[in-house]
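Report on the following structure.
Residue numbers (UniProt numbering): 1 to 191.
In structure tokens:
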């Protein structure tokens, strides 16, 4: 279910499907790096201004699904204009800062992004750009990232399937929003 908070900036309504805390797992595979399964936690929040704040943390998982060590962390800000053009500024823990541009698909919650600018610190690994696709599919958030370096052509390197994290506050808010005349047995509700 996509909720649109009453205090969400009006320009961000098309991005409302991203809001909340998400958790799940995915696969990381890029030449020169360890191929692994990873866990991920993502949050998209807002404070009433015209952007979403984004944070993502990933970690390597062992064969039993246990956390082994951190993999990547990134944070940034997402905006959208009246023409459904999306811009993202992102900082990653490996010393890379990116500006991404893209757009939302017509009549579906899907965003395609491409890097427009990349800045790297001296300590960061070679990186020249990327592409990402985010989509809201059957109440889940799915994404795939592509990456290129001077040595490796653009290719997929990470993808994940994330589920919305439900908090006790969410349950309380939903319970308060239920109508007072729900049937006690639950079966009559479906008749």
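The C-beta atom is built at its ideal place from N, Cα and C for all residues, glycine as well.
At a Cβ-Cβ threshold of 7 Å, residue 68 and residue 56 do not count as neighbours.
Residue 6 and residue 33 have their C-alpha atoms roughly 44 Å apart.
Within the same chain, and ignoring the five residues on either side of residue 73 in sequence, the residues whose Cβ sits closer than 6 Å to its Cβ are 57 and 93.
The C-alpha of residue 87 is placed about 17 Å away from the C-alpha of residue 96.
Your pair residue 76 and residue 61 does not check out as a contact, with CB atoms roughly 24 Å apart and the cut at 8 Å. A direct Cα-to-Cα measurement between residue 102 and residue 91 gives close to 17 Å.
Three or more beta-carbon pairs separated by less than 8 Å are not found between the stretch 20-37 and the stretch 46-54, which leaves the two stretches without contact.
DSSP places residue 34 in the coil class of the three-state scheme, outside both helix and strand.
In this model, residue 127 and residue 158 are separated by some 15 Å (Cα to Cα).
Beta bridge pairing from DSSP links residue 54 with 44 and 76. In the three-state DSSP reduction, residue 84 falls in the coil class, being neither helix nor strand. Per DSSP, residue 115 is one residue of the beta strand (DSSP E) stretching across 110-120.
With a threshold of 16 other beta carbon atoms within 10 Å, residue 46 meets it and is buried.
For residue 156, the uninterrupted beta strand (DSSP E) run begins and ends at 155-164, by DSSP.
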